[in-house]
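Asker:
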């Protein structure tokens, strides 16, 4: 009876989703044997390929970043089903079936940076213990010392299923500690740079958790979310792919005639001016312009320290209510909520114990004036904004490698206004004004192309040092990724939440917003030495949304 029930489970939940990721070569028809032999020969010589400039940047010792995503499920997770699904989807993707080959010199440099030693013998011992493959590639053959190399992938090497006590005390704390501890363990460089941990333990918001760890050199958030969607189906229709929100770039809507021409010229002049100002501030940040030291600002070397990951799920409908009432975008609304939440948190930190309650209720502002606090905001630069299907990304990769799979992100430096406001909606107005101004600037495009140019001219190490200096002079990193519109199932397991984050960047605080169905998950990655109470910061962000929503509803009620 037990085997029959298991077969039924796999037939009803897994079979529809286990469809291989199709690539161009998988469906290509060869008219002659000669054509096929030539293609096979070309494929064998291309089993090694150089890293893209962005991938090289993310492997530089000063900027070695890894994406960590927790997926909460509404049922316990069947490891066998997950492994079968990975074999038929994720492992067929070229980036997830290739390992990284470093030169010995570069590997030892990374080792010395991670473990803070200059002892080469010690680095060799450490590298061996982590299965780091020291291999020098012929530069004349492949063009550079770091390569992707095709390899046979064994799913058992990438999926970890620890034996857990289902009756453990504080399961939420256990999961938080387990996930945070992953930031202290380097990925195994002897195999493709991804792994999954399956934690069959019930927490306050999930029956089980799957934790993905993927090196940032494999792709950016938009790429990896598209890959996640390829591994899921609608819960309501196991044969259907998730619906992807349609987004359009803000276009120009100029009327004809002299008035339209004048407006177009004025907009172009504003864009030129804003871009010049932003580039000047970007260079100044690289050279000397640093944010004020606050309880949120990380110390030197923060990128090498362990991170703690916490999340909080709020109502996406509440955010949409605020967005519609204030005539703004989701990005504007969540940035306003972020400013309000950071203000509440800093107000408590700067206040005396006797003033904390007054400060929280907005009666006293304890935050020093003239604080410079800025966020490094990630911007997706693909021509099609938002999330694309994996098939679309792979087609773009084939037709135009510049805008397909991979890292196609630029940075903008966004000043934040912190301080308690008499009108909570002022946080929204200021956030919208700054974001609207940034939309009339080419700062993100400049940061992306300048990074690529610097890598080509001076190498990844020098470019990473410059990027690190710019980013470390800001206070936090911020990102918002759009997710599926309806509830989805991950290889037959209904998903409760998606919580992506990243570690390895020179910030003590990284904030990610991830939408999913009717929920918005706020994910914090923090340096616990600088921010020892991240759950309190989550409380402040959630409370700020509540206060802003109440203010919007009161305003609407008074207006009616």
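In our numbering, the protein residues as written are 113 to 672. Even for Gly, the Cβ is constructed at its ideal location relative to N, Cα and C.
1) Kindly indicate which residue of 329, 649 and 383 has the alpha-carbon position closest to the one of residue 557.
2) Return helix, strand or coil for residue 184, following the three-state DSSP convention.
3) Cβ atoms of residue 426 and residue 597: under 8 Å apart, would you say?
4) Under DSSP, the alpha helix (DSSP H) around residue 198 begins and ends at which residues?
5) Over the uninterrupted alpha helix (DSSP H) stretch that includes residue 542, give me the two end residues.
6) Could you give the C-beta distance for residue 171 and residue 572, rounded to a whole number, given that I count them as a contact under 8 Å?
7) Once DSSP output is grouped into helix, strand and coil, what is the label at residue 313?
8) Alpha helix (DSSP H) containing residue 573: first to last residue?
9) Would you call the segment 390 to 407 and the segment 578 to 589 in contact, with 3 or more CB pairs under 8 Å?
10) How long is the line joining the alpha carbons of residue 660 and residue 550, rounded to whole angstroms?
11) According to DSSP, is residue 211 part of a helix, a strand, or is it coil?
12) Closer than 8 Å is the cut-off here; do at least three beta carbon pairs connect the segment 519 to 534 with the segment 450 to 457?
13) Give me the Cα-Cα distance between residue 321 and residue 548, rounded to the nearest whole angstrom.
14) Determine the extent of the beta strand (DSSP E) in which residue 327 is found, giving its start and end residues.
15) Have a look at 178, 624 and 567 and flag the residue whose alpha-carbon is nearest the alpha-carbon of residue 633.
16) Would you call the segment 200 to 207 and the segment 605 to 614 touching, i.e. three or more CB-CB distances under 8 Å?
17) In its own chain, which residues sit with a C-beta less than 7 Å from the C-beta of residue 179, not counting the 5 before and 5 after it?
18) Starting from residue 450 and walking both ways along the alpha helix (DSSP H), at which residues does that stretch end?
19) Quick check on DSSP: helix, strand or coil for residue 467?
20) For residue 522, list the residues DSSP reports as bridge partners.
21) Between the segment 634 to 648 and the segment 598 to 605, do at least 3 Cβ pairs fall closer than 8 Å?
22) Is the beta carbon of residue 539 within less than 7 Å of some heavy atom of the ligand NAP?
23) With 16 as the cutoff for other CB atoms within 10 Å, does residue 291 come out buried or exposed?
24) Measure the C-alpha to C-alpha separation of residue 221 and residue 193 and round it to an integer number of angstroms.
25) Reducing DSSP to helix, strand and coil, say where residue 642 ends up.
26) Determine the extent of the alpha helix (DSSP H) in which residue 110 is found, giving its start and end residues.
27) So, is residue 525 buried or exposed, given that buried needs 16 or more other C-beta atoms within 10 angstroms?
28) Residue 579: buried (16+ other C-beta within 10 angstroms of its C-beta) or exposed?
29) Per DSSP, what kind of secondary structure is residue 597 in: helix, strand or coil?
30) Starting from residue 170, trace the alpha helix (DSSP H) both ways and give me its first and last residue.
31) I need the boundaries of the alpha helix (DSSP H) containing residue 434, first residue and last residue.
32) Span of the beta strand (DSSP E) holding residue 382?
33) If distances are taken between C-alpha atoms only, which option among 444, 569 and 199 comes closest to residue 266?
34) For residue 611, report the span of its beta strand (DSSP E) as first-last.
35) Roughly how many angstroms separate the alpha carbons of residue 628 and residue 595, rounded to a whole number?
36) Rounded to the nearest angstrom, what separates residue 430 and residue 338 at their Cα positions?
Answerer: The structure says:
1) In the chain shown, counting from the first residue as 1, residue 557 sits at position 445. Of the candidates 329, 649 and 383, the one whose C-alpha sits nearest the C-alpha of residue 557 is 383.
2) Your numbering for residue 184 matches position 72 in the chain shown. If DSSP states are grouped into helix, strand and coil, residue 184 belongs with the strands.
3) Residue numbering aside, residue 597 sits at position 485 when the chain shown is read from its first letter. Residue numbering aside, residue 426 sits at position 314 when the chain shown is read from its first letter. No, these two residues do not count as a Cβ contact at 8 Å.
4) Position 86 of the chain shown, counted from the first residue, corresponds to residue 198. Run containing residue 198: 191 to 200, per the alpha helix (DSSP H) assignment.
5) Counted from its first residue, the chain shown places residue 542 at position 430. Counting along the chain, the alpha helix (DSSP H) containing residue 542 begins and ends at 538 to 551.
6) By 1-based counting over the chain shown, the position of residue 171 is 59. By 1-based counting over the chain shown, the position of residue 572 is 460. At roughly 7 Å, the Cβ-Cβ gap stays under 8 Å, so residue 171 and residue 572 are in contact.
7) Residue numbering aside, residue 313 sits at position 201 when the chain shown is read from its first letter. Coil.
8) As a position in the chain shown, residue 573 is number 461, starting the count at 1. Residue 573 -> alpha helix (DSSP H) spans 572 to 584.
9) yes
10) As a working note, residue 660 is residue 548 in the chain shown. As a working note, residue 550 is residue 438 in the chain shown. The straight-line gap from Cα to Cα measures roughly 24 Å.
11) Sequence index remark: in the chain shown, residue 211 carries index 99 (1-based). Residue 211: strand per DSSP, three-state reduction.
12) yes
13) For the purposes of this step, residue 321 is identified with residue 209 of the chain shown, where counting begins at 1. For the purposes of this step, residue 548 is identified with residue 436 of the chain shown, where counting begins at 1. Each residue's alpha carbon lies about 38 Å from the other.
14) The sequence position of residue 327 within the chain shown is 215, counting from 1. Note, residue 327: beta strand (DSSP E), 320 to 327.
15) In the chain shown, counting from the first residue as 1, residue 633 sits at position 521. Checked all of 178, 624 and 567; the closest Cα to residue 633 is 624.
16) no
17) Walking along the chain shown from the start, residue 179 turns up at place 67. Once the five neighbours on either side are set aside, the close Cβ partners of residue 179 are 326, 328, 336, 612 and 614.
18) Taking the first residue of the chain shown as 1, we reach residue 450 at position 338. Where residue 450 is concerned, the enclosing alpha helix (DSSP H) stretches over 442 to 462.
19) As a first step, residue 467 is located in the chain shown; it is residue number 355 there, counting from the start. The predicted position of residue 467 is uncertain, since its pLDDT is 47 and thus under 50; no value can be drawn from it.
20) Translated into the one-based positions of the chain shown, residue 522 becomes position 410. Answer is 491, bridged to residue 522.
21) no
22) The ligand content of the structure shown is nil, which means the ligand NAP is not present either.
23) Against the chain shown, residue 291 aligns to sequence position 179. Buried: at least 16 other Cβ atoms inside 10 Å.
24) Mapped onto the chain shown, residue 221 falls at position 109. Mapped onto the chain shown, residue 193 falls at position 81. In this predicted model, residue 221 has a pLDDT of only 48, less than 50, meaning its place in the structure is not dependable; the value taken from the coordinates is given anyway. When rounded, the distance between both Cα atoms is 40 Å.
25) To locate residue 642, count along the chain shown from 1; it is residue 530. Note: residue 642 maps to coil in three-state DSSP.
26) Nothing in the structure corresponds to residue 110, since the chain is present only between 113 and 672.
27) Residue 525 sits at position 413 when you count from the first residue of the chain shown. Burial call: buried.
28) Numbered from 1 along the chain shown, position 467 holds the residue referred to as residue 579. The residue is buried, with at least 16 neighbouring Cβ atoms inside 10 Å.
29) As a working note, residue 597 is residue 485 in the chain shown. It is coil, neither helix nor strand.
30) Walking along the chain shown from the start, residue 170 turns up at place 58. Here the alpha helix (DSSP H) through residue 170 covers 165 to 171.
31) For this step, residue 434 is matched to residue 322 along the chain shown. 428 to 438 is the extent of the alpha helix (DSSP H) around residue 434.
32) Residue mapping note: residue 382 aligns to position 270 of the chain shown, counting from 1. Not the beta strand (DSSP E): residue 382 falls in the alpha helix (DSSP H), residues 369 to 399.
33) For the purposes of this step, residue 266 is taken as the residue at position 154 of the chain shown. Measuring from the Cα of residue 266, the nearest candidate turns out to be 199.
34) Residue mapping note: residue 611 aligns to position 499 of the chain shown, counting from 1. First-last of the beta strand (DSSP E) with residue 611: 605 to 615.
35) On the chain shown, residue 628 is found 516 positions in, with the first residue counted as 1. On the chain shown, residue 595 is found 483 positions in, with the first residue counted as 1. So the two alpha carbons sit approximately 5 Å from each other.
36) The residue given as residue 430 occupies position 318 in the chain shown. The residue given as residue 338 occupies position 226 in the chain shown. If I take the Cα positions, the gap works out to 26 Å.
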